[in-house]
Amino acid sequence: MTVAVIRQRNLFGVVVLTSIYSFLMASVLIVLDAVDVAMTEASVGAGVSTVILLATLHLIKSTEMRPSGPHVLALFVAAGTGAILIWGTLALPPFGTADSVIHQHVAPRYLAESIKETTVPNIVTAVLADYRGYDTLGETTVIFTAGIGVMLLLRGARRRSRAREDEPR
Amino acid sequence: MNLDVILRIVTKLILPFILLFALYVQFHGDFGPGGGFQAGVIAAGMVILLAITFGLEAAQRIAPQAVVQRMIPLGVLIYVGTGLMGLLFGENFLDYSVLAREAAQGRHLGIFLVEVGVLVTVSGTMTAMFYAFVERGR
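As they're listed, the protein sequences go chains A and B.
Going from the first sequence to our numbering is simple: count from 1 and add 110.
Going from the second sequence to our numbering is simple: count from 1 and add 2.
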């Protein structure tokens, strides 16, 4: 799939393939019992971002240009980063172990106390909105900033081009 | 008559259910999977689907651009406002236990309000971004 996305020169095909990829990842996340994340992946990855990418394709040419030549430096950077990431995963605990460090810190307390302390049965929601309220506030601010940024960029460019059209010739 | 008619009728049929599902994900987020972010994206998805099938004007009639744009900061303000209630009553920022007489009930209410803030910002941002891209293409 990834290879197909990289080899594909028609950007419409790329958008469709990434959308299918998002749906597949959503199914994987459901299998992993992370329904919240699966819902996000399906709606954002496969839904909204596909539509926004298609709207972008409407603005630009839909065929990717041929690369001007082999980028040796880029290959080295990509291969090096990939190697470092894989090296980093070697030290991780085996997938799904219950007694790994991350499950020993605050997670048991959340599991035991969150219903008593917040009366919210969904611990994910309790952790996101209450125990980690600062993080979620930060995330909301990130979305706010992203939205404002996109709108400023698109609007600003449009106003400038319109001003140019209005100039007396 | 063209093939559009199938798309239009099917879209008309499922639109209310998408919105209902968004509300379910929002208000049932305390009990089942979901929350403000997911609900916001689903609600925005409904508006986008409407815009794709029936045109931008139809979508902007139910979600006017001015409203959508004001929703982006409004959600953050709801979130921060809920957090500031804690400060006002002499507790920490984002400590919701002051919102009701019982601490646990207050935290439940606080989670609910915060999720509403997230919903407003996310749905506003997604819809406004879509509008911005579409209007740019005109």
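Glycine residues also receive a C-beta, built at the ideal position from the N, C-alpha and C atoms.
T191 of chain A sits in a helix when the DSSP states are folded into three classes.
Check the Cα spacing between F95 of chain B and each of B:V116, B:K14 and B:Q28: the tightest is with B:V116.
By the Cβ criterion, the stretch 36-52 of chain B is in contact with the stretch 116-134 of chain B, since at least three pairs of Cβ atoms, one from each stretch, lie closer than 8 angstroms. With contact defined as three or more Cβ pairs closer than 8 angstroms, the stretch 117-134 of chain A and the stretch 157-177 of chain A are in contact. Per the Cβ contact rule, the stretch 124-139 of chain B is in contact with the stretch 155-167 of chain A (3 or more Cβ pairs under 8 angstroms).
With its beta carbon less than 7 angstroms from one in chain A, V116 of chain B belongs to the interface. Residue contact check for I130 of chain A against chain B: no CB pair falls below 7 angstroms.
For the 7 angstroms CB-CB criterion, A136 of chain A and A144 of chain A do not form a contact.
Distance from S132 of chain A to G47 of chain B at the Cβ level is roughly 13 angstroms; contact not present, criterion being Cβ atoms closer than 8 angstroms.
For the set B:R138, B:T127, B:R140 and B:G139, the Cα lying nearest the Cα of I44 of chain B is the one of B:T127. In the structure shown, T173 of chain A falls within a strand segment according to DSSP collapsed to helix, strand and coil. Here the alpha carbons of I50 of chain B and R265 of chain A stand approximately 19 angstroms from one another. Annotation: E104 of chain B is outside any alpha helix (DSSP H) and is labelled neither H nor E by DSSP. Under the 7 angstroms criterion on CB atoms, S153 of chain A is classed as interfacial with respect to chain B. Two segments are said to touch when three or more pairs of C-beta atoms, one from each, lie closer than 8 angstroms; by this definition the stretch 56-64 of chain B does not touch the stretch 75-87 of chain B. If the five residues before and after A24 of chain B are omitted, its C-beta is found closer than 6 angstroms to the C-beta atoms of A41, I44 and A45, all from its own chain and listed in chain order. Inclusion of T229 of chain A and H110 of chain B in the CB contact set at 7 angstroms is warranted, their separation being smaller than that value. Contact note: K226 of chain A reaches chain B through A106, using a C-beta cutoff of 8 angstroms and chain order. The Cβ atoms of G139 of chain B and L169 of chain A lie closer than 7 angstroms to each other. Boundaries for T207 of chain A: no alpha helix (DSSP H) harbours it, and the DSSP string shows neither H nor E there. The Cβ-Cβ distance between L58 of chain B and V136 of chain B falls below 7 angstroms. By a beta-carbon distance limit of 8 angstroms, L52 of chain B does not contact L15 of chain B. Their separation comes to about 13 angstroms. Neighbourhood of D6 of chain B in chain A, by CB distance below 7 angstroms: empty, with the nearest CB roughly 18 angstroms away. When C-beta distances to chain B are compared with 8 angstroms, every residue of the stretch 190-217 of chain A stays at or above that value. The shortest CA-to-CA distance from A105 of chain B to any of A:T150, A:K226, A:R119 and A:V115 is the one to A:K226. About 6 angstroms separates the CB atoms of Y81 of chain B and T250 of chain A; that is less than 8 angstroms, so the two are in contact. Residue-level contact by beta carbon holds for V230 of chain A and chain B, with a gap shorter than 7 angstroms. DSSP lists A:T173 as the bridge partner or partners of N120 of chain A. Counting the other Cβ atoms within 10 Å of the Cβ of T199 of chain A gives fewer than 16, which makes it exposed.
When C-alpha distances from G85 of chain B are compared across B:Q71, B:T13, B:M73 and B:V100, the shortest belongs to B:V100.
Counting only Cβ-Cβ distances below 8 angstroms, L142 of chain A has no contacts in chain B at all, with the closest Cβ about 13 angstroms away.
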